[in-house]
Every structure is written in C-alpha cells, then in structure tokens.
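Residue numbers (this note's numbering): 21 to 341.
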C-alpha cells in the first residue's frame, strides 16, 4: 500500500477498529476513512453501497461486528446472526462493486468445532459441530470466510480472512452483562479490590483454557498481511482452500490462572469462588499460528504486561466510575 492509499476501517471506534486506526496512523497511513455507526448503519445495504460509491476506498479492513461473551450470545442469538451477516455481506459486496484492491475480514476462533484438535489449524474449519453457546455468531463468521472465498473464486478479488484468538486492550467492553471473559474479570477484581470485598465469583470451573492476544498485536498482524507483496499475497488465495489465517500467540492459560493473574494486578486480596453452575463454554481454544509465523509475524506484547497496561488504561480513562 502507498501511504496515501484510501483505507476504510469499518468499526473504527470499537476494540479492534480503534487499534487499527492507531497502528495505521503510527505507520504513516494518512488517508483513513471511518464512519460512526450513527452516521452509517452497516446493516442497510443501500446505505453501504452509496458510501462505497462516494468514497471509493482502495483497501478495507472489516472490523465492524456485534460481539459479546457467553451471556450476550445466549441472550441475543438472533441479533448476533442477523447483524453480523448483514454487516459483512453488505461490505464485502460493496467492496467488490467499488473495485477494492484488498479486503481483510476479521472473524473469531469460535469458528472452529467445539471438540477441535488442539492447537486448531486453518483446515479444521467445518470438520465438526460448533460450541452451542455462540453458534449463531460462529455461523455468521464462517459465512464471511466463505463469502470472501466465493468472491475470490468468481470475481478474482483479493479478500482475506483473519481469525484472531480472544482479544483484549483499550476500548474493550467492560459491561459485566455483555463483555468477554478477560474484561469481565478485570472489572470484577477491580470493583472487589476497591470495595474490600471478601470474594470474587468467577463463572464455571476455571478449567477451560483460553489464548489471549493484545489488540495492538492484532492490528499489527492486519497491517502485515494487507501490505504483503503481491507475489506472496496471491499464494494465500486458492479456489480450493479458504483464504484464512489464524492470529494468536500460540500459548494459552486456564481461566483460573487468568483470575489469579488479574487478582495480583488489581491488588485484590480476597477469595476466588468458581460458580460451577455456570457454563464453561469450549474446553480449549488454542490456535495454531505457524502459517502466520512463516509469513514473518509474531506476538510482541506478553500477556501479563498487556493486562497491566490495559488495567492502567482503564484507570486513566475512568472506565469503572
């Protein structure tokens, strides 16, 4: 990409989108296109197509999505499948009509089967049943991958899907009703420490293992992939194989280990209680990131350092007030 290339970042004010804006700006890209959701409803096909016709972006990173943890997925399954299918379908189709050079579609590691072999490889896609607690969201993301593959096959586009592991960092959702596990734990332990509570209750047994990646690392991976040389980029696109790369660090921790780490970072001195009546979700979700590593990218922000920085960001920005 040229530093003056027009780059549309969909979902620029969310966890991932804001990290993308930071990363691209830091690297000298001066022509970023963004639109707040109050100005452009990505679920409305006509509005999206008009936006693309007027703006004519050369590159697109599709980070806009409806996301949430187990509780949110269980409570709003219709919204999770409808909103995500609508957003990604409208953007991918409009990108094709506007002759976008490259598009990166961001998904999630939940696309892989519940009982997937560990670590999960890209070719494990569609080899078994999904985890029921987030199936609508996962199906939407799988459809996005297949849509990229189908447009590449029929129209010769260069659309690619990156499947990140669990993400965390600045501008995350810290609402206990709708957040993912790590931001929820950060808030729970902070509030417990602030009120000198005797205990913190964590959902499930604490045994499921999860891999976590700082969102700034994901943004760096996105820039790395979308800016690959043509010869390398084209080798990643095939009619027979989904245009898909895992993004993670290749290491995981149990929820109990995460709770203990966050307990120390926030300074909470009480007891941790695991509520075994609550669902655990998928037993393990560890990504095989060997393909991404071969392309020259690796994680740079260690987990404990990343969580500490994130917690300090929350304090500095009065997130818990």
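Ideal placement from N, C-alpha and C gives every residue a C-beta, glycine not left out.
On a Cα-Cα basis, can you pick out the residue from 24, 121 and 293 that is closest to residue 176? 121
Whole-angstrom Cβ separation of residue 140 and residue 305, contact assumed at under 8 Å? 7 Å
DSSP state of residue 35, grouped into three classes? helix
Tell me which residues share the same chain as residue 78 and place their Cβ nearer than 6 Å to its Cβ, disregarding the 5 neighbours each side in the sequence. 25, 26 and 121
Just curious, the alpha helix (DSSP H) that residue 179 is in, first and last residue? It is not in any alpha helix (DSSP H) - residue 179 instead sits in the beta strand (DSSP E) that spans 179-184.
Considering only residues of the same chain and omitting the five flanking positions on each side of residue 312, which have a CB-CB separation below 7 Å? 241, 265, 266 and 267
Residues bridged to residue 220 [DSSP beta-bridge criterion]: 292
Taking residue 338 as the reference, which of 190, 322, 198 and 245 has the closest Cα? 190
The alpha helix (DSSP H) enclosing residue 235, as first and last residue numbers: 235-246
What does DSSP give as the partner residues of residue 273 in its beta bridges? 230
Proximity of residue 237 and residue 320 at Cβ, strictly below 8 Å: yes
My output table needs one value for residue 261: the three-state DSSP class, helix, strand or coil. coil
Residue from 226, 123, 298 and 235 whose Cα sits closest to the Cα of residue 280: 226
Does the distance from the C-beta atom of residue 86 to that of residue 103 stay below 8 Å? yes
Out of 341, 153, 38 and 32, state which residue places its alpha-carbon closest to the alpha-carbon of residue 298. 153
Cβ contact check for the region 249-260 and the region 270-289: 3 or more pairs under 8 Å: no
Suppose contacts are defined by Cβ-Cβ distances below 8 Å. Is residue 282 in contact with residue 335 by that definition? no
Alpha carbon of residue 216 to alpha carbon of residue 88, nearest angstrom: 28 Å
Beta-bridge partners of residue 267, as assigned by DSSP: 184
Under 7 Å Cβ to Cβ from residue 333, same chain only, skipping five residues before and after it: list those, please. 190
Hey, residue 209 and residue 201: beta-carbon distance below 8 Å or not? no
Take residue 98 and list the residues in its own chain whose beta-carbon comes closer than 8 Å to its own, dropping the five residues that flank it on each side. 156
Please name the residue or residues paired with residue 105 in a DSSP beta bridge. According to DSSP, residue 105 bridges with nothing at all.
Would you kindly report the start and end of the unbroken beta strand (DSSP E) that includes residue 173? Premise fails: residue 173 lies in the alpha helix (DSSP H), 155-175, not in any beta strand (DSSP E).
Please go through the same chain and pick out, in chain order, the residues whose beta-carbon is closer than 6 Å to the beta-carbon of residue 72, but skip the five residues on each side of it. 114 and 118
Alpha carbon of residue 76 to alpha carbon of residue 131, nearest angstrom: 31 Å
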